[in-house]
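Inspection log for the structure reproduced underneath, given as structure tokens.
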Amino acid sequence: MRFSPADISASSQAPFQLYTPLTRDHDRRTDETWLAARLTEDTTEFLPVWKLQNLVHGDPTHAVTLSASEVAPLLPEAESITFLGTRDGGAVFSIVLPSAEVDPLKAQGQWMNMRNFGDLLGSADWSLLAYARAYAYWHERTRYCGVCGSPTVSTLGGHVRHCTNPSCGVDHFPRSDPAIIVLVISGERCLLGRQHAWPAERFSTLAGFMEPGESVEQAVAREVYEEAGIHLREARYYGSQSFPFPASLMLGFHAEAETDVIQLNDGELADAHWFTRQELRAALDSHTVGLPPGYTISHSLISAWFNLAPVGARL
Ligand SMILES: [Zn+2]
Numbered sequence: 079m080r081f082s083p084a085d086i087s088a089s090s091q092a093p094f095q096l097y098t099p100l101t102r103d104h105d106r107r108t109d110e111t112w113l114a115a116r117l118t119e120d121t122t123e124f125l126p127v128w129k130l131q132n133l134v135h136g137d138p139t140h141a142v143t144l145s146a147s148e149v150a151p152l153l154p155e156a157e158s159i160t161f162l163g164t165r166d167g168g169a170v171f172s173i174v175l176p177s178a179e180v181d182p183l184k185a186q187g188q189w190m191n192m193r194n195f196g197d198l199l200g201s202a203d204w205s206l207l208a209y210a211r212a213y214a215y216w217h218e219r220t221r222y223c224g225v226c227g228s229p230t231v232s233t234l235g236g237h238v239r240h241c242t243n244p245s246c247g248v249d250h251f252p253r254s255d256p257a258i259i260v261l262v263i264s265g266e267r268c269l270l271g272r273q274h275a276w277p278a279e280r281f282s283t284l285a286g287f288m289e290p291g292e293s294v295e296q297a298v299a300r301e302v303y304e305e306a307g308i309h310l311r312e313a314r315y316y317g318s319q320s321f322p323f324p325a326s327l328m329l330g331f332h333a334e335a336e337t338d339v340i341q342l343n344d345g346e347l348a349d350a351h352w353f354t355r356q357e358l359r360a361a362l363d364s365h366t367v368g369l370p371p372g373y374t375i376s377h378s379l380i381s382a383w384f385n386l387a388p389v390g391a392r393l
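For the sequence shown, this note's numbering begins at 79 and goes up steadily by one.
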């Protein structure tokens, strides 16, 4: 089975691929006067992060944004503040609140780990909160210089941390760790695996981190062979998803198998099976198989393949 990019994007359920709710306004990051003025402006929005959790409210669930006046008493104690960009003409910042505080914004909503409630959010809010969470994690882990051990300070609107040791002075930039995620296909079947720590019915695509010195395609082939013993004939890029748990960038592929004998080589998977669409549909209906949440690229990779079936067989 061969896919064309048009086929996949037409059936894609991956709004995270292109849409972003704000403009990053890269050139504003160097304008300290402009940034400082935005901290007290009425049109500015603040996304709070506390213990790597985001603040949400309502049903359906929405991100809580705070105004400048609401945030004013929190600014002096903030662990980090990052200029995320602008939307509708107003600036958007993330603000990380001290972890020592006890539920600092209890009345405003509910603190939740994005990994557990991603399915409840719309794509715009998911994108915003993922952005805020990713920077919160990076600031927390980059308080000291990795070269000389001196403290670092946040600069360029929170997008660089500068070493305070004058004889070092290294700038540290945020990083994303690339990982591949792949749906392997053989004829009319796809390969799904289950990791040891997952619930008994959870099956998903295969995934793994890239290693230094290899191309993305090489990482796809290596991971699939290590985890399932399958050799690949072809791998086609599908799309990507920022996955800030804690700092991954998931690079999604559909791959065509050269072989089909499953062998769990590295022990990372507890189980793996080939599924036809009919078998997958039946397993989902009987709850013997559960797929990853709908907001994930793994779900999108599977549904894009599944929905190429004749009309009426949509996942
Ligand atoms: Zn240093």
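Think of the CB as a built atom: it goes at the ideal place given N, C-alpha and C, for glycine as much as any other residue.
All values reported here derive from a predicted model rather than from experimental measurement.
Run of the alpha helix (DSSP H) containing residue i, from where it starts to where it stops
| i | result |
| --- | --- |
| Cys-209 | It should be noted that the sequence gives Tyr, not Cys, for residue 209. It spans 201-219 - the alpha helix (DSSP H) in which Tyr-209 sits, taken as one unbroken run. |
| Met-192 | 192-195 |
Selected residue, minimal CA-CA separation from residue i, among the options
| i | options | result |
| --- | --- | --- |
| Glu-123 | Asp-344, Pro-99, Thr-139, Ile-375 | Pro-99 |
| Ser-177 | Gln-341, Phe-195, Gly-200, Glu-218 | Glu-218 |
| Leu-329 | Ala-313, Asn-343, Ile-259 | Ile-259 |
| Ala-115 | Ala-150, Arg-193, Asp-349, His-104 | Ala-150 |
| Arg-355 | Gly-265, Thr-230, Asp-120, Val-127 | Gly-265 |
| Ala-325 | Ala-169, Ala-212, Trp-112, Arg-221 | Ala-212 |
| Phe-161 | Gly-286, Arg-359, Glu-357, His-237 | His-237 |
| Cys-268 | Thr-111, Leu-130, Asp-338 | Asp-338 |
| Pro-154 | Leu-117, Lys-184, Asp-255 | Leu-117 |
| Ile-159 | Glu-110, Gly-187, Asn-194 | Glu-110 |
| Gly-372 | Asp-181, Ala-185, Asp-197 | Asp-197 |
| Gly-168 | Glu-119, Leu-199, Asp-255 | Glu-119 |
| Ala-208 | Ser-376, Gln-319, Ala-333, His-351 | Gln-319 |
| Arg-314 | Trp-112, Val-262, Pro-138, Ile-173 | Val-262 |
| Thr-283 | Val-231, Asp-137, Glu-301, Ala-361 | Glu-301 |
| Gln-186 | Val-142, Ala-156, Thr-101 | Val-142 |
| Glu-357 | Met-192, Asp-105, Ile-340, Leu-270 | Leu-270 |
| Val-225 | Asn-243, Ala-214, Ala-306 | Asn-243 |
| Ala-146 | Leu-125, Ala-297, Asn-132 | Leu-125 |
| Arg-193 | Trp-216, Glu-148, Asn-132, Arg-221 | Asn-132 |
| Trp-352 | Glu-346, Gly-345, Asp-344, Ala-361 | Ala-361 |
| Asp-203 | Val-231, Thr-233, Val-170 | Val-170 |
| Ser-245 | Arg-253, Asn-191, Cys-223 | Cys-223 |
| Glu-279 | Val-367, Trp-128, Ser-172, Arg-359 | Val-367 |
Limits of the beta strand (DSSP E) - the one that residue i falls within
| i | result |
| --- | --- |
| Glu-123 | 123-128 |
| Ile-308 | Run containing Ile-308: none; DSSP gives neither H nor E here. |
| Arg-239 | 238-241 |
| Val-260 | 255-264 |
| Gly-163 | 158-165 |
| Ala-178 | No beta strand (DSSP E) contains Ala-178, which DSSP labels as neither H nor E. |
| Asp-349 | 347-354 |
DSSP three-state assignment for residue i, whether helix, strand or coil
| i | result |
| --- | --- |
| Trp-276 | coil |
| His-104 | helix |
| Val-248 | coil |
| Gln-341 | coil |
| Ala-141 | strand |
| Pro-93 | Residue confidence is low: Pro-93 scores 42 on pLDDT, short of 50, so the model does not pin down where it sits. No coordinate-derived value is stated. |
| Thr-118 | coil |
| Ser-364 | coil |
| Ser-147 | helix |
| Gly-235 | helix |
| Gln-296 | helix |
| Val-170 | strand |
| Glu-336 | coil |
| Pro-83 | Confidence in Pro-83 is poor, its pLDDT being 32 and thus under 50, which makes the residue's placement unreliable; the coordinate value appears in the next sentence. The answer is helix: DSSP assigns Pro-83 an H, G or I state. |
| Ala-88 | In this prediction, Ala-88 has a pLDDT of 34, which is less than 50 and means its spatial position is unreliable; what the coordinates show is noted afterwards. The answer is helix: DSSP assigns Ala-88 an H, G or I state. |
| Leu-379 | helix |
Residues that DSSP places opposite residue i in a beta bridge
| i | result |
| --- | --- |
| Ser-282 | Gly-271 |
| Gln-131 | Trp-128 |
| Phe-321 | Ser-326 |
| Trp-189 | Leu-133 |
| Tyr-373 | Looking at the DSSP assignment, Tyr-373 forms no beta bridge with any residue, so it has no partner. |
| Tyr-222 | Pro-229 |
| Phe-384 | In the DSSP output, where bridge partners are listed per residue, Phe-384 has none listed. |
| Tyr-315 | Phe-331 |
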